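Chains as they are written, first to last, in the numbering used here: chain A, -10 to 81; chain B, -10 to 81. Report on the following structure.
There are 2 protein chains.
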Amino acid sequence: MGAIDLSDEPKNRITVDIYGQQYTIIGEENASHIRAVAAIVDEKMREINKRNPLLDTTKLAVLTAVNAVHDYMKLKEEMEQQTENQKDERKW
Amino acid sequence: MGAIDLSDEPKNRITVDIYGQQYTIIGEENASHIRAVAAIVDEKMREINKRNPLLDTTKLAVLTAVNAVHDYMKLKEEMEQQTENQKDERKW
């Protein structure tokens, strides 16, 4: 079973199931947040598997991480754009 | 080699190296965006490996995806909070 610290001050240990494997997540976040994150990863892996059924689980997981980081960067750009727009609004 | 569609209308094929493996990413995004995403995933995997040296590559990749989705959700919450604050500002 894999365990990961999501923060520097671990508090909770939550066991989740992702793509048929159990993982223990250690962090300050509450159980429902961790479970929601795990469910998204599980869903993304199944989605990518549907489109690329020949990929092994490691590659599937790496590409899921690529997908998640891509989403993060897009959201960050959107957020920065929003902040820029507000600055412009205030100028006028 | 694994290939993934990041969008429904694939245009570019970029080959990147993540954790010693090559992946072909297919999508509308430009090469520099894809390379930046791949570099973040590679870095996150190495970071998690340092903290959990006994994990196999699949688990490492899954936990990297968990970490990325966690970051995404945090940023989304932050963004929603920002939008809420603006609404409140406008009310007054």
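Even glycine gets a Cβ: it sits at the ideal position worked out from N, Cα and C. In this text the structure is predicted, and so the values were computed from the model without any measurement.
- Under DSSP, Val5 (chain A) forms a beta bridge with A:Tyr12.
- DSSP, read as helix, strand or coil, puts Leu43 (chain B) in coil.
- Rounded to the nearest whole angstrom, the C-alpha separation of Thr72 (chain A) and Lys65 (chain B) is 14 Å.
- Of all C-beta pairs linking the segment 9 to 29 of chain B to the segment 2 to 21 of chain A, fewer than three are shorter than 8 Å, placing the two stretches out of contact.
- For Lys0 (chain A), no Cβ of chain B is located within less than 8 Å of the residue's own Cβ.
- Closer than 8 Å to the CB of Ile15 (chain B) there is not a single CB belonging to chain A.
- Cβ-Cβ separation between Ile37 (chain A) and Thr53 (chain A): approximately 6 Å, consistent with a contact (criterion under 8 Å).
- One finds Val58 in chain B with Cβ atoms closer than 7 Å to the Cβ of Ile29 (chain A), taken in chain order.
- Considering only B:Arg35, B:Asp77, B:Ala50, B:Lys80, the residue with the shortest C-alpha distance to Gln10 (chain A) is B:Ala50.
- Chain order gives the chain B residues near Lys65 (chain A) as Leu64, where near means a beta carbon separation below 8 Å.
- For Ile7 (chain B), at least one C-beta of chain A is nearer than 8 Å to its own C-beta.
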